[in-house]
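Everything on this sheet refers to the single structure shown next.
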Amino acid sequence: MAFLFSPRARAFIDESLESYLLRIVSENFFDSYQQLSLAIREELHELDFEAHGAFPIELKRLNIYHAKHNSHFRMRALGLLESLLGLPPHELEKIALFRSNRVFIGSSVAVHRNGIDIPLSFIRYANEDDVESVPVCPECLKDEPYIRQVWHLKPYAACAKHECELIHHCPECKAPLNYIKNESIGYCSCGFELSKAAVISAKQPDLMLARSIIGGDVTSTNPLLHEVSATHRLAALLWYQKRYCKSKEASFSDAVEYFDNWPENFYQELDQLTQGAELRLIKLFNHTAFRFIYGELILHSRCLYPEDKDPHFIYAALMRYLQRLVELHPKSKKPNVADTLVTVAETAVLLSTTQEQVYRLHQDGILTSAFRQKMKQRIDPHVGVFYLRQVIEYKSSFGSDRQGMYLSAW
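The number in my numbering is simply the position in the sequence shown, starting from 1, with 268 added.
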């Protein structure tokens, strides 16, 4: 039997979990989310003592990815809440954000929702202690008063449906909008009704990104917009942000123009680094780390890990460039840029495999170190030891269709 009244409108597929809980607060005539959560915890205490403590008292810590140690108690608590509300099983899980086992660009952690992995750094209000606005579209609130999950995404700056900018501040009191902090979907803390706010037409790049960020645009030739996977599109945006946006407020709309000229502009940039490499040398090329010339180019090209069956388009473009670099700089008496040294970590990325597999390849004599190693001493994974030429030629020997097929003879 239901302990609480569930909202007349079921959870929308694009609604945030926090938004739906606020609608439950309103439907059951509680003054705040805290009152609701304490009532739920009291009821859960009788049903499942272990899970009741996992149900957060504060709205800002509600979502599953906020769980500090283990999320399975939080999952159980949500499942019990579904029964208290008389909802079908997994109704709340569908709109929750989970921790993902994937990482973006080396070490950026991710959250997961509806088959899409999202960089945690892209989630507005991901760090519950930061004061950050969660913008809204007044026209969407006028249609249906609930918070869309995409409004939590930092690259999402315009409403794709109404073609207007999202508003970040209250038109009346100028305070940052934050429905989680204010515990109000349709009103600012000053009492202003957000659905009555005037809207401004969105800029075209923002609009293009908003339309494509989740659904994609199969008619576009821009790989950022055309890429089939929403996860890959978000990975490309994070790669662009890390490489080109030094300020905290990244202009994601500039990424649309950048990828319009992909990969030519990327190759031109790398060509400039290659041409100026000799002027920067302190030692010969065969004693110089690849990252000394190109920075974290290789490590950041692994946009996603574990990888999908099809490589990310940024990774594929870099592999083509490095293969051409080795072809244009054949081995000679005088070392050249293709003889620079890559680390174990970089080699693992180039071969689409694990660092452990790279160590096996070295033990089997397939990859040889540029320096003599001490007996029984493991190679530092972040020190350049393998020649770029050797790694690229080894990868090419497997053909272009084989990803990560590097097993030891054992």
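Ideal Cβ placement from N, Cα and C applies to all residues, glycine included.
Same chain, Cβ closer than 8 Å to residue i, five either side skipped, listed in chain order
i      : result
Ser401 : Arg392, His436, His437, Pro444, Leu445 and Asn446
Glu451 : Leu290, Val293, Ser300, Tyr301 and Leu327
Leu609 : Asn554, His555, Thr556, Ala557, Phe558, Ala638, Gly652, Val653, Phe654, Tyr655 and Leu656
Pro356 : Glu350
Ile325 : Gln302, Ser305, Leu306 and Arg309
Glu412 : Ala277 and Phe280
Tyr455 : Glu461 and Leu462
Phe298 : Leu304 and Ala307
Those residues which DSSP pairs with residue i across a bridge
i      : result
Ile384 : Arg381
Val371 : Val377 and Tyr573
Ile391 : Leu421
Ala585 : Beta-bridge pairing links Ala585 to no other residue.
Cys427 : Cys432
Phe366 : His380
His437 : Pro444
Distance between residue j and residue i (C-alpha atoms, nearest Å)
i      : j      : result
Ser664 : Asp648 : 25 Å
Leu388 : Pro603 : 42 Å
Asp397 : Glu407 : Here Asp397 scores only 49 on pLDDT, less than 50, and its place in the model is too uncertain to base an answer on.
His650 : Tyr562 : 15 Å
Ala613 : Tyr333 : 28 Å
Asp474 : Phe527 : 14 Å
Asn331 : Thr621 : 33 Å
Ala463 : Leu409 : Note on residue identity: the sequence assigns Ser, not Ala, to residue 463. Taking the straight line from one Cα to the other gives about 5 Å.
Ala498 : Ser480 : 8 Å
Gln417 : Val377 : 19 Å
Phe280 : Ile415 : 10 Å
Cys543 : Gly374 : Residue identity differs from the one stated: residue 543 is Gln in this sequence, not Cys. Going by the C-alpha atoms only, they are around 27 Å apart.
Tyr589 : Ile453 : 49 Å
Glu733 : Lys644 : This structure leaves residue 733 out entirely; the chain is present only between 269 and 678.
Lys429 : Asp282 : 13 Å
Val486 : Asn369 : 28 Å
Arg592 : Cys513 : 28 Å
Arg381 : His358 : 13 Å
Gly484 : Glu461 : 33 Å
Ala470 : Ser488 : 20 Å
Lys601 : Glu595 : 16 Å
Gln631 : Leu547 : 35 Å
Gln536 : Met587 : 15 Å
Arg367 : Val379 : 4 Å
Residue j beta carbon less than 8 Å from that of residue i
i      : j      : result
Val659 : Ser637 : no
Leu549 : Phe372 : no
Cys496 : Arg570 : Per the sequence shown, the amino acid found at residue 496 is Val instead of Cys. No.
Trp507 : Ile384 : no
Phe323 : Ser305 : yes
Leu434 : Cys427 : yes
Ile363 : Tyr288 : yes
Ala307 : Arg344 : no
Lys685 : His568 : The question about residue 685 has no answer here: the residues shown for the chain are numbered 269 through 678.
Leu348 : Leu315 : yes
Leu477 : Pro439 : no
Cβ neighbours of residue i in the same chain (closer than 6 Å, five flanking residues each side left out)
i      : result
Ala545 : Ile561 and Val605
Leu346 : Leu360
Pro531 : Ala585
Pro491 : Phe527, Trp530 and Phe581
Thr615 : Val626, Phe654 and Val659
CB-CB length for residue i against residue j, believed under 8 Å
i      : j      : result
His420 : Ser521 : The Cβ separation is near 18 Å, so there is no contact.
Val237 : Cys432 : Nothing can be reported for residue 237: it is not among the residues displayed for the chain, which extend from 269 to 678.
Glu286 : Ile448 : 5 Å
Glu311 : Leu352 : 6 Å
His500 : His580 : 6 Å
Phe390 : Leu502 : 7 Å
Ala523 : Leu538 : Not a contact, Cβ separation roughly 18 Å.
Own chain residues within Cβ distance below 7 Å of residue i, not counting five before or after
i      : result
Glu525 : Pro473
Ser457 : Ala443 and Asn450
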